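Heads up: the structure comes next, in structure tokens.
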Ligand code: GLN
Ligand code: ZN
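Put into structure tokens, the structure is as follows:
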């Protein structure tokens with residue numbers, strides 16, 4: 006039997022209804038009944054849409070008011086103790102972790118559904134966003150997508166108890182609409198592995214025995230309600246697993262296999278590799294594999310996955326916006342079907358579609374040609390359904406879909422908008438020499454010191470200054486056409502001059518222009534580069550109610566004209582102090598966009614690097630003595646498997662060097678990185694060979710620098726002396742203390758003094 010399946014549908018809504026509803030609830034504009042209703046409407050709409058698209062296996066519990074990991078926290082009652090409210094006894098109890106409190110928790114279940122929901126919402130959103138009394142739970146990107154998960158927290162003596170029946174409720178809700186769904190849960194091993202122990206000696210995996218009864222209860226309740234299959238997401242199967250994790254898989258699924266429902270384990274984002282041995286030994290009934298990210302694993306999976314168990318083939322890209330080449334996907338399906346004889350096969354997207362926008366039909370402004378190359382979540386389901394039709398009947402039965410796909414593939418391959426021979430030739434001609442600054446760091450340092458004449462411990466900032474209400478209003482008015490270009494420019498000039506004066510007053514050594522003209526550090530460049538497109542509605546959830554609209558890199562990238570020179574030159578003209586030019590690096594531009602899938606990412610990245618290289622030259626020619634090339638996303642591009650790191654780091658470092666190395670030896674190149682731990686990629690960061698790097702270290706108390714005892718960072722470095730993400734203003738003593746720590750690990754003439762990131766989210 007061949008079925009069309011889906012693993013998860015974007016929950017944000019075609020008009021971002023989810024964002025509007027949750028934010029209105031947070032502001033007190035709507036009550037929880039209205040919020041629940043908004044959620045129910047989205048779910049109903051999305052279930053029906055999937056059914057109409059021809060999907061046989063439709064997920065439920067893929068919806069979330071904030072994040073599916075947070076839902077799992079709520080499900081098993083792993084609410085951190087700090088989230089208790091004192092308004093009502095029952096609320097206090099609902100968030101306690103002790104066994105006796107849980108005994109009282111049973112009473113909570115006696116409340117009416119609405120009352121229980123109101124309790125859930127308050128605690129639930131407090132965990133996600135923090136409350137006056139308690140800071141929010143941590144958020145992180147575990148995989149190489151731009152989606153942030155809430156990080157579960159575990160304590161010594163952690164107990165679990167079924168607290169939220171959301172999975173069951175949503176299954177029943179769909180059932181009432183006549184739609185039989187396959188509920189989705191985050192797997193117990195992923196849940197524990199990705200969570201954080203709040204007590205130093207606790208290994209979260211040791212909590213497995215305490216956790217499994219709750220999962221068993223959930224599965225049994227779903228079985229009782231009529232569910233036949235449950236999808237259990239275990240994305241950590243795409244990572245290198247420790248032996249203890251492998252053992253946890255065996256224990257977990259041995260316990261869960263007899264709960265009355267069939268289990269499909271979903272692995273995605275990368276290959277299973279040797280973890281295939283782990284899943285094969287589990288008593289589960291189905292496996293989903295990602296054949297877009299890792300097409301090469303098909304052979305092994307077909308060889309090793311028993312034919313009598315279900316195999317779900319992830320053949321439609323669940324995390325990019327390109328229309329599929331159905332011919333290629335179908336070849337994969339045919340290979341699998343042929344190899345498996347009568348074994349069950351499902352055809353599916355590679356992963357949950359929450360990483361793609363909802364519906365291409367909402368794009369009114371994209372030109373027809375570009376639009377014909379794209380597919381959002383809704384269109385991807387149609388592709389899945391077409392593959393199923395072709396596989397069950399014959400290709401002719403889906404002839405139109407195959408013809409449209411073939412036409413899109415052909416037109417993309419041949420389009421003059423995509424293929425720019427000059428760009429390709431230029432990339433082809435890049436040599437090692439183009440990656441080299443032409444003189445070793447020591448020589449450059451001496452020349453730059455002579456030119457810049459900076460004091461010891463030079464001070465600077467990372468680039469942006471407050472994007473105040475006035476700045477945002479002016480930009481919005483300009484975009485709506487209510488403010489004309491000359492007035493907008495005049496406004497930006499005033500803002501820039503104000504920033505320069507303030508920096509002079511403060512007495513900073515290296516100034517910045519403030520980035521008032523930029524809305525976003527990638528969009529600003531993408532809008533000016535050839536090969537990029539911007540959508541109206543290509544929203545993807547980043548976390549909670551924050552959605553991003555990544556640019557689409559569809560063609561060969563080139564720079565038709567200078568992008569930042571006018572603003573940097575203007576700012577430099579206002580002051581005698583050196584002005585730092587401000588660019589976003591090629592890896593970060595790549596990482597935060599939807600990238601074309603018809604050539605290696607490294608190739609696209611090189612093209613962007615050449616465009617940035619041209620900008621560096623133009624800034625230099627305009628007399629800008631210092632140029633910063635930001636690469637905050639360098640680390641998040643790391644492949645999930647350690648074995649693949651080296652290859653990625655090699656090309657990523659080369660691309661940065663290609664962007665920077667056109668600069669003369671007297672021009673000082675800075676880079677900036679944040680949001681991450683760098684310890685394990687220090688050699689690559691040094692290999693960037695930036696003259697100066699500024700990094701985030703303040704939150705970790707300069708811990709990062711301890712790794713420098715083993716690795717001597719060769720160039721100059723500005724370890725951030727305060728956390729710009731916190732509204733708290735640091736005291737001079739705090740900053741001196743941090744610098745004191747830095748001095749223990751670095752030579753005095755290596756050290757710069759700066760905050761740990763740009764200041765755009767702060768007020769003046
Ligand atoms: N130059 C950018 C700024 O100051 C850097 C932002 C970032 O690191 N994310 O805003
Ligand atoms: Zn930063």
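Residue numbers (our numbering): 6 to 769.
Backbone N, C-alpha and C define an ideal beta-carbon position, used for all residues, glycine too.
Given the structure is predicted, the values throughout are model-derived calculations rather than measurements.
Exposure of residue i, with buried meaning 16 or more beta-carbon neighbours within 10 Å
i, result
"residue 542", "buried"
"residue 359", "buried"
"residue 512", "exposed"
"residue 610", "buried"
"residue 61", "buried"
"residue 765", "buried"
"residue 117", "With a pLDDT of only 42 at residue 117, under 50, the local geometry of the prediction cannot be trusted, and no value is derived from it."
"residue 276", "buried"
"residue 598", "buried"
"residue 393", "buried"
"residue 32", "exposed"
"residue 585", "buried"
"residue 119", "Only weak support is given to the placement of residue 119: the predicted model assigns it a pLDDT of 42, under 50, and the question is left unresolved by the model."
"residue 518", "buried"
"residue 378", "buried"
"residue 110", "Residue confidence for residue 110 is low, a pLDDT of 42 falling below 50, so the modelled location carries little weight and cannot support an answer."
"residue 201", "exposed"
"residue 91", "Low per-residue confidence applies at residue 91: pLDDT is 41, beneath 50, and the placement is therefore not dependable enough to give any value."
"residue 99", "Model confidence at residue 99 stands at a pLDDT of 36, short of 50, so the residue's coordinates are unreliable and nothing is read from them."
"residue 686", "buried"
"residue 114", "Only weak support is given to the placement of residue 114: the predicted model assigns it a pLDDT of 43, under 50, and the question is left unresolved by the model."
"residue 699", "buried"
"residue 128", "buried"
Where the alpha helix (DSSP H) containing residue i begins and where it ends
i, result
"residue 73", "73-80"
"residue 495", "490-511"
"residue 578", "570-578"
"residue 389", "382-397"
"residue 755", "Segment: none, residue 755 is in no alpha helix (DSSP H) and carries neither H nor E."
"residue 724", "Not the alpha helix (DSSP H): residue 724 falls in the beta strand (DSSP E), residues 721-724."
Closest residue to residue i among the options (Cα-Cα distance)
i, options, result
"residue 744", "707, 732, 733, 643", "707"
"residue 561", "538, 569, 295", "538"
"residue 439", "223, 453, 668", "668"
"residue 279", "289, 243, 258, 249", "243"
"residue 317", "429, 237, 557", "237"
"residue 274", "693, 16, 643, 769", "643"
"residue 661", "717, 501, 594, 338", "594"
"residue 81", "217, 567, 17", "217"
"residue 592", "639, 579, 70", "639"
"residue 267", "251, 184, 225, 246", "225"
"residue 290", "299, 403, 265", "265"
"residue 722", "753, 204, 201", "753"
"residue 49", "559, 59, 68", "68"
"residue 569", "607, 520, 336", "520"
"residue 613", "657, 75, 627, 450", "657"
"residue 30", "387, 70, 57", "70"
"residue 654", "185, 167, 636, 154", "636"
Residue range of the beta strand (DSSP E) that includes residue i
i, result
"residue 537", "535-538"
"residue 680", "No beta strand (DSSP E) holds residue 680; DSSP gives it neither H nor E."
"residue 351", "350-354"
"residue 6", "No beta strand (DSSP E) holds residue 6; DSSP gives it neither H nor E."
"residue 589", "585-589"
"residue 64", "63-65"
"residue 560", "557-563"
Ligand 4 heavy atom lying under 7 Å from the CB of residue i
i, result
"residue 526", "Inclusion of ligand 4 in the displayed structure is not the case, the ligand content consisting of ligand 1 and ligand 2 alone."
Could you pull out every unbroken beta strand (DSSP E) segment of at least 3 residues lying fully inside the segment 170-256, listed in chain order? Every beta strand (DSSP E) of 3 residues or more that sits fully in the segment 170-256 is shown, in chain order, as 186-191, 234-238.
Would you check if there are 3 or more beta carbon pairs closer than 8 Å linking the segment 313-330 to the segment 406-413? Enough Cβ pairs lie closer than 8 Å, so yes.
Any contact of the segment 31-49 with the segment 206-213, i.e. 3+ C-beta pairs under 8 Å? Segment contact: the segment 31-49 against the segment 206-213, fewer than three CB-CB distances shorter than 8 Å; contact not assigned.
Count the C-beta pairs between the segment 525-536 and the segment 501-515 that are closer than 8 Å, then say yes if the count reaches three, no if not. No, they do not touch.
Check whether the segment 644-664 and the segment 417-431 touch, using three or more Cβ-Cβ pairs below 8 Å as the test. They do not touch, by the three-pair rule.
Completely contained alpha helix (DSSP H) runs for the segment 29-60, where each covers 4 or more residues: For the segment 29-60, whole alpha helix (DSSP H) runs of length 4 or above, ordered along the chain, are 37-57.
Stretch pair the segment 385-402 + the segment 298-314: three plus CB contacts closer than 8 Å: The answer is no - the segment 298-314 does not touch the segment 385-402, with fewer than three Cβ pairs under 8 Å.
Sequence ranges, beta strand (DSSP E) only - wholly within the segment 606-634, length at least 3: Listed in chain order, there is nothing to give.
contact_flag[the segment 541-555, the segment 468-475] where n(CB pairs < 8 Å) is 3 or more: Segments in contact, no.
Uninterrupted beta strand (DSSP E) stretches inside the segment 647-693 (no shorter than 3 residues): Complete beta strand (DSSP E) runs here, min 3: 673-678.
What are the start and end residues of each continuous beta strand (DSSP E) run of 3 or more residues lying completely inside the segment 248-333, in chain order? Here the runs fully enclosed are 267-271, 291-295, 315-321.
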